[in-house]
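Note that the UniProt record's numbering gives residue 127 to position 127 of the sequence shown, counting from 1, and the numbers run on in steps of one.
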Amino acid sequence: MTDRARAEPVVRRRPTVAQRLRGLRTNVVCLLISVVLFALPLLYLLLQAFKSYPDFLQHPTGLPHGWTFQNFTDAWQQGNFGHEMINSLVYAIIPDAITLVLGVFLAFPISRGYFKHSNALYTFFIFSGFLPGGLIPLFIEARSLHLYDSMPGYLVLTSLSGAGFFFFVGYIKGIPREIDEAAVLDGCGYIRFIFTIIIPQMKPALATFGIFGFVYSWNNLILPLVMLTNDALWPVTRGLYSFFGEHTSNWPLVAAGTFIVAAPILLLFILLQRYLVQGVAGGASFGTQGIGPQDAAGPGAEPSRAGE
C-alpha cells in the first residue's frame, strides 16, 4: 500500500432515504408489537377499575359508561393496603439494601483477584444462582431458628440473596486498579474505600439491581403465604390475594387493587429508568469476562508487558 493510499481518508456513505425509511418502519413495527403485548392488557385492566360492577357486567370490553373512583377506595379499605404497604416497603427496602452492600463487598475482591482461585469462586457463585430455592427446607429451618411468622425473621430469610453479583463483578472490572493503589497510599481503610470510592462509581449497577430486587420482593407471594400467618405482617401481595375469596367475581375491585399494588413499582421505574439502562449496558460489557491473569495475581502484581 502506497503512502498516498494510506493518507486518503475513508469516505463513509450516508444512508439513503429508503434505508432510513426501512429502519424507521422496523422500529414502528417493534413498537406496535410491544404495545399490543404489554400496554393493551394494562390499559384494559385500568379501564375495568373505573367501572361499577353492573357496568362491567353489561359492557365487559367497552369503555366505562360512568367513570367512578369508588373501586379504588373500596379496594384500599378492604385490602388494608395502608398498613400492608408499610410492611411491603420494609420487606423490599431493607433486604434489598443489605443484599446490594454485601454483593459489592463480595464482588470487589473476586473481581480484583485478591482471593486464590478467584475464577473457581466466581464460577461457583454464578452456578449457585441458577439453583432453585428449596421452600420446604427453608420452612423447616425457619421453624427451627424461630424465624417463622415474625418480621425480623422474614427479613433475615430474604436478605441473603446474591442477585446482581455477576454484574457487580463485571462493573468493578471497569474501574481502574490505580484507584486501589492511590487509596492505599493515602491510608484509606477497606470499608471506607468501598463506601466512598467504589459504591459511588457503581450507581447505575446498584440502581439497576436495586430495582430488580425491589420488584422481586414487592411481588413475592409464595414466601409470605408460607412464612407469615399473622395478617398484621402481610405484604400487599398477600392482601391482594385475599380478594380472590370473598370478592372473586368483583373484577373491577380486583383491577383497582392490582393497580394500587403496582403503583410504587411504576413510579420506581419512571424515576430510575436512566440508571436501569446504564447499569445493564455497563455490567453486560464486562460481565462475560473471567478473572484475567493480571486480576488473579493479587494486589501488588506488576502490570503485563505483552503490549510492549
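Ideal Cβ positions, reconstructed from N, Cα and C, are used throughout, including at glycine.
Because the structure is a prediction, the values reported are computed rather than measured.
Buried or exposed: where does residue i fall if 16 or more other Cβ atoms within 10 Å of its Cβ makes it buried?
{"i": "lysine 203", "result": "exposed"}
{"i": "isoleucine 33", "result": "exposed"}
{"i": "isoleucine 172", "result": "buried"}
{"i": "aspartate 231", "result": "exposed"}
{"i": "valine 236", "result": "buried"}
{"i": "glycine 187", "result": "exposed"}
{"i": "residue 311", "result": "Look at the range of the chain in this structure, 1 to 308, and you will see that residue 311 is not part of it."}
{"i": "arginine 25", "result": "exposed"}
{"i": "serine 128", "result": "exposed"}
{"i": "serine 285", "result": "Unreliable positioning characterises serine 285 in this predicted model, as indicated by a pLDDT of 48, which lies under 50. A coordinate reading is not provided."}
{"i": "phenylalanine 69", "result": "exposed"}
{"i": "leucine 100", "result": "buried"}
{"i": "proline 152", "result": "exposed"}
{"i": "residue 310", "result": "Outside the displayed range of the chain (1 to 308) lies residue 310, so it cannot be described from this structure."}
{"i": "alanine 205", "result": "buried"}
{"i": "glycine 283", "result": "For glycine 283, the pLDDT reaches just 49, beneath the cut-off of 50, and the residue's location in the model is therefore unreliable, leaving the point undetermined."}
{"i": "arginine 238", "result": "buried"}
What's the C-alpha gap between residue i and residue j?
{"i": "glutamate 84", "j": "glycine 170", "result": "37 Å"}
{"i": "leucine 155", "j": "isoleucine 98", "result": "10 Å"}
{"i": "isoleucine 265", "j": "tyrosine 190", "result": "34 Å"}
{"i": "phenylalanine 212", "j": "glycine 66", "result": "37 Å"}
{"i": "serine 159", "j": "leucine 43", "result": "35 Å"}
{"i": "tyrosine 241", "j": "asparagine 219", "result": "11 Å"}
{"i": "asparagine 119", "j": "isoleucine 110", "result": "8 Å"}
{"i": "threonine 61", "j": "methionine 227", "result": "38 Å"}
{"i": "valine 36", "j": "phenylalanine 125", "result": "38 Å"}
{"i": "proline 224", "j": "leucine 185", "result": "49 Å"}
{"i": "arginine 143", "j": "arginine 177", "result": "45 Å"}
{"i": "threonine 258", "j": "proline 200", "result": "35 Å"}
{"i": "tryptophan 76", "j": "leucine 221", "result": "19 Å"}
{"i": "tyrosine 114", "j": "arginine 192", "result": "18 Å"}
{"i": "phenylalanine 56", "j": "proline 41", "result": "16 Å"}
{"i": "proline 303", "j": "histidine 117", "result": "In this prediction, proline 303 has a pLDDT of 39, which is less than 50 and means its spatial position is unreliable; what the coordinates show is noted afterwards. C-alpha separation (whole angstroms): 19 Å."}
{"i": "aspartate 149", "j": "aspartate 180", "result": "44 Å"}
Which of helix, strand or coil does DSSP assign to residue i?
{"i": "phenylalanine 108", "result": "helix"}
{"i": "aspartate 186", "result": "coil"}
{"i": "tryptophan 218", "result": "helix"}
{"i": "arginine 25", "result": "helix"}
{"i": "glycine 230", "result": "The question names glycine, yet the displayed sequence has asparagine at residue 230. In this structure, asparagine 230 counts as coil in the three-state DSSP scheme."}
{"i": "aspartate 74", "result": "helix"}
{"i": "phenylalanine 50", "result": "coil"}
{"i": "residue 318", "result": "Only positions 1 to 308 of the chain appear in this structure, which leaves residue 318 out of reach."}
{"i": "methionine 85", "result": "helix"}
{"i": "isoleucine 175", "result": "coil"}
{"i": "threonine 61", "result": "coil"}
{"i": "methionine 202", "result": "coil"}
{"i": "phenylalanine 115", "result": "coil"}
{"i": "phenylalanine 130", "result": "coil"}
{"i": "serine 150", "result": "coil"}
{"i": "leucine 32", "result": "helix"}
{"i": "proline 264", "result": "helix"}
{"i": "proline 95", "result": "helix"}
{"i": "glycine 287", "result": "Unreliable placement is indicated for glycine 287, whose pLDDT of 45 sits below 50; the coordinate value is still reported in the next sentence. Reduced to three states, the DSSP call for glycine 287 is helix."}
{"i": "proline 41", "result": "helix"}
Measure how close the beta-carbons of residue i and residue j come, nearest whole angstrom, since I'm counting them as under 8 Å.
{"i": "phenylalanine 168", "j": "glycine 103", "result": "5 Å"}
{"i": "serine 217", "j": "alanine 92", "result": "4 Å"}
{"i": "alanine 255", "j": "alanine 49", "result": "4 Å"}
{"i": "leucine 253", "j": "phenylalanine 243", "result": "7 Å"}
{"i": "leucine 106", "j": "phenylalanine 165", "result": "7 Å"}
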